[in-house]
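S.K.: Mind having a look at this structure? Questions to follow.
There are 2 protein chains.
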Amino acid sequence: MSKKGMSKKNRHSNLLERIKLDPFLTDEEFSELFQVSIQTIRLDRLELGIPELRERIKNVAENNHHKVKSLHDKEIVGELVDLELGKSGISILDTDDTLAFEKTNVVKGHHIFAQAESLAIAVIDASVALIGVANIKYKNPVFAGDKAIAKAEVIRTRGNKYFVWVFIKVRQVEVFRGKFILVSFNER
Amino acid sequence: MSKKGMSKKNRHSNLLERIKLDPFLTDEEFSELFQVSIQTIRLDRLELGIPELRERIKNVAENNHHKVKSLHDKEIVGELVDLELGKSGISILDTDDTLAFEKTNVVKGHHIFAQAESLAIAVIDASVALIGVANIKYKNPVFAGDKAIAKAEVIRTRGNKYFVWVFIKVRQVEVFRGKFILVSFNER
DNA sequence: TTAATATTAGCACCAGGTACTAAAATAAAC
DNA sequence: GTTTATTTTAGTACCTGGTGCTAATATTAA
């Protein structure tokens, strides 16, 4: 696989790459891969500050244990900073590159939509469903790193139907607005 | 924590639960938790077919290694089944309960939005950014299990600006429509 | 040719086990 | 109450994938 006549530096950068790609290999397997002794690999790891296999596996496991849970589609997108149930609410979404398109660094529109939708739902109650939207405008793209501030206001209630306006601004500039129509399910 | 006078059966079901909850504990820690010797715990694991700590961690790591990658916010939501670059495209999204609100079983609106958005982008090119939407209508909720079929059509091009209509239907009924305004970045 | 650097070897030790044998404690059956 | 069966402990040898250390070779540069 990998060549034999490889300089230390070369092997180091190569090792870093491979280990990021597949952290599940033992030192022995790496030593075969690079055609060096197991001690050399261990010395390399020591110099590069790469932990041993078990630690690496544990890190992957722990990272993802949390990540999956927190990433697993939050019920509310953004942080709820103010809420008057049935009236209004404010949420803040700190965007980063995980929410953006790689190529353009523009935050995917559905995250903005999700912030608005979940805020609209939170303002009424958790047990409502979105049945329609209207007058949505998305005028300016949001870039990774921008702080999106969403304000929601209930403008009308008709039976178990609710009409909620949501505005989202970044640096005082409106980037999104929309009217959400919600129905509550458990009419108690 | 756990009581001392616990029957074998009790301890077994208890162990199964705890280990599912937190697979990162050693036999020693479990033995303290249940106030039994470490050998008892090992016998228990043997009887219950529970692998050792390292195996458990490895399983979590491997599971999530895949999961996170596939879950990590796909660049395109739904499956692209037809595409005429610059003209039109069709994508299908098989929804399930992971995309829905727990309480209402209604698919979160932003997933529908994401399907539309990513299809609109795919129809033009990957290197475009959404800068606006208009005339969005979302008339009927989509339920977990529904198959959402999105059709996109480029209706106008002006310089590096593109206007794309997207319709999404479930069982021949329109659930979503919207006009997406995109700009391409690298005007080659 | 000598000095510096890189590589390999070998050993003791560690965590967290497996696999096995055997003794002691507890519960159930008679 | 005694015997039998079950459950719980104890202890040993061995395993993997290492760390941490010392020391001997190779290789490269001065």
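Protein chains in written order, with numbering that gives the first Met the number 0: chain W, 0 to 187; chain V, 0 to 187.
Backbone N, C-alpha and C fix where the C-beta goes; we use that ideal spot for every residue, glycine too.
So, with DSSP's three-state summary, where would you put Lys168/W?
M.R.: Along the first sequence, read from residue 1 onward, the residue named residue 168/W stands at position 169. Three-state result, Lys168/W: strand.
S.K.: Give a yes or no on whether the C-beta atoms belonging to Ile56/V and Lys146/W are separated by under 7 Å.
M.R.: Taking the second sequence and counting its residues from 1, the one referred to as residue 56/V is at position 57. Taking the first sequence and counting its residues from 1, the one referred to as residue 146/W is at position 147. Cβ distance not < 7 Å, so Ile56/V and Lys146/W don't count as in contact.
S.K.: Expressed to the nearest angstrom, what Euclidean distance is found between the alpha-carbon atoms of Ser12/V and Thr97/W?
M.R.: Within the second sequence, the letter at position 13 stands for residue 12/V. Within the first sequence, the letter at position 98 stands for residue 97/W. Looking at the two C-alpha atoms, the distance is approximately 40 Å.
S.K.: Can you find a CB in chain V that lies within less than 7 Å of the CB of Glu83/W?
M.R.: In the first sequence, the residue the question calls residue 83/W occupies position 84. No, its Cβ sits nowhere closer than 7 Å to a Cβ of chain V.
S.K.: Between which two residues does the beta strand (DSSP E) holding Thr39/V run?
M.R.: Stepping through the second sequence from its first residue, residue 39/V is reached at position 40. Here Thr39/V belongs to no beta strand (DSSP E); instead the alpha helix (DSSP H) covers 37 to 47.
S.K.: Got a sec? Which residues, its chain only, sit under 6 Å from Gly131/V by beta carbon, not counting five neighbours each side?
M.R.: If you number the second sequence from 1, residue 131/V lands on position 132. Result list for Gly131/V: Ile180, in chain order.
S.K.: Taking C-alpha atoms, which residue in Val141/W, Lys138/W, Leu129/W lies nearest to Lys136/V?
M.R.: As a working note, residue 136/V is residue 137 in the second sequence. Considering only alpha carbons, the answer is Leu129/W.
S.K.: State whether the region 93 to 110 of chain W contacts the region 148 to 163 of chain W, with contact taken as three or more CB pairs (one from each stretch) at a distance under 8 Å.
M.R.: No: the two stretches stay apart, fewer than three of their Cβ pairs being nearer than 8 Å.
S.K.: Out of Gly108/W, Trp164/W, Lys168/W, state which residue places its alpha-carbon closest to the alpha-carbon of Lys178/W.
M.R.: Numbered from its first residue, the first sequence carries residue 178/W at position 179. Out of Gly108/W, Trp164/W, Lys168/W, Trp164/W has the C-alpha closest to the C-alpha of Lys178/W.
S.K.: Do you know whose CA, among Val105/V, Ser126/V, Ile49/V, Glu101/V, lies nearest Leu15/V's CA?
M.R.: Here the question's residue 15/V lines up with position 16 in the second sequence. Checked all of Val105/V, Ser126/V, Ile49/V, Glu101/V; the closest Cα to Leu15/V is Ile49/V.
S.K.: Look at the alpha carbon of Phe142/V and the alpha carbon of Ser90/W, and state the distance between them as a whole number of angstroms.
M.R.: As a working mapping, residue 142/V is identified with position 143 in the second sequence. As a working mapping, residue 90/W is identified with position 91 in the first sequence. Taking the straight line from one Cα to the other gives about 26 Å.
S.K.: Could you tell me the alpha carbon to alpha carbon distance between Leu84/V and Asp124/V, rounded to whole angstroms?
M.R.: Here residue 84/V refers to the residue found at position 85 when the second sequence is read from its first residue. Here residue 124/V refers to the residue found at position 125 when the second sequence is read from its first residue. C-alpha separation (whole angstroms): 7 Å.
S.K.: Between which two residues does the alpha helix (DSSP H) containing Lys19/V stretch?
M.R.: Numbered from its first residue, the second sequence carries residue 19/V at position 20. From DSSP, the alpha helix (DSSP H) with Lys19/V extends over 7 to 20.
S.K.: At which residues does the alpha helix (DSSP H) containing Asp81/W begin and terminate?
M.R.: Within the first sequence, numbered from 1, the residue matching residue 81/W stands at position 82. Run containing Asp81/W: none in the alpha helix (DSSP H); it sits in the beta strand (DSSP E), 78 to 83.
S.K.: Count the other CB atoms within 10 Å of the CB of Val127/W; is the residue buried (16 or more) or exposed (fewer)?
M.R.: Position 128 of the first sequence, counting from 1, holds the residue named residue 127/W. Result: buried.
S.K.: In this structure, how does DSSP classify Ala143/W when only helix, strand and coil are distinguished?
M.R.: Within the first sequence, numbered from 1, the residue matching residue 143/W stands at position 144. The answer is coil: DSSP assigns Ala143/W none of H, G, I, E or B.
S.K.: Would you mind telling me which residues of chain V sit closer than 9 Å to Lys150/W, beta carbon to beta carbon, in chain order?
M.R.: For the purposes of this step, residue 150/W is taken as the residue at position 151 of the first sequence. Per Cβ cutoff of 9 Å: no residues; Lys150/W is ~18 Å from chain V at best.
S.K.: Have a look at Ala115/V and Leu20/V and give me their C-alpha separation to the nearest angstrom.
M.R.: Translated into positions along the second sequence, residue 115/V becomes position 116. Translated into positions along the second sequence, residue 20/V becomes position 21. Each residue's alpha carbon lies about 38 Å from the other.
S.K.: Short of 7 Å Cβ to Cβ, which residues in the region 37 to 52 of chain V face chain W?
M.R.: Under the 7 Å Cβ criterion, the region 37 to 52 of chain V contributes no residue.
S.K.: Can you give the Cα-Cα distance for Glu74/V and Ala119/V, rounded to whole angstroms?
M.R.: The residue labelled residue 74/V in the question sits at position 75 within the second sequence. The residue labelled residue 119/V in the question sits at position 120 within the second sequence. Approximately 12 Å, taken between the alpha carbons.
S.K.: Taking the alpha helix (DSSP H) that Ser90/W falls in, what are its first and last residues?
M.R.: By one-based count along the first sequence, residue 90/W stands at place 91. From DSSP, Ser90/W is part of no alpha helix (DSSP H) but of the beta strand (DSSP E) over 87 to 93.
S.K.: Is it right to say Val169/V is buried, meaning 16 or more other beta carbons lie within 10 angstroms of its own, or is it exposed?
M.R.: Numbered from 1 along the second sequence, position 170 holds the residue referred to as residue 169/V. With 16 or more Cβ atoms within 10 Å of its Cβ, Val169/V is classed as buried.
S.K.: Ordered along the chain, which non-local residues of its own chain (more than five positions away) have a Cβ less than 7 Å from that of Arg41/V?
M.R.: On the second sequence, position 42 is the one that residue 41/V refers to. Counting only Cβ-Cβ distances below 7 Å, and skipping sequence neighbours, we find Asp26.
S.K.: Grab me the residues of Val35/V's own chain with a C-beta within less than 8 Å of its C-beta, minus the 5 sequence neighbours each way, in chain order.
M.R.: Working through the second sequence from its first residue, we reach residue 35/V at position 36. Cβ within range, chain order: Arg10.
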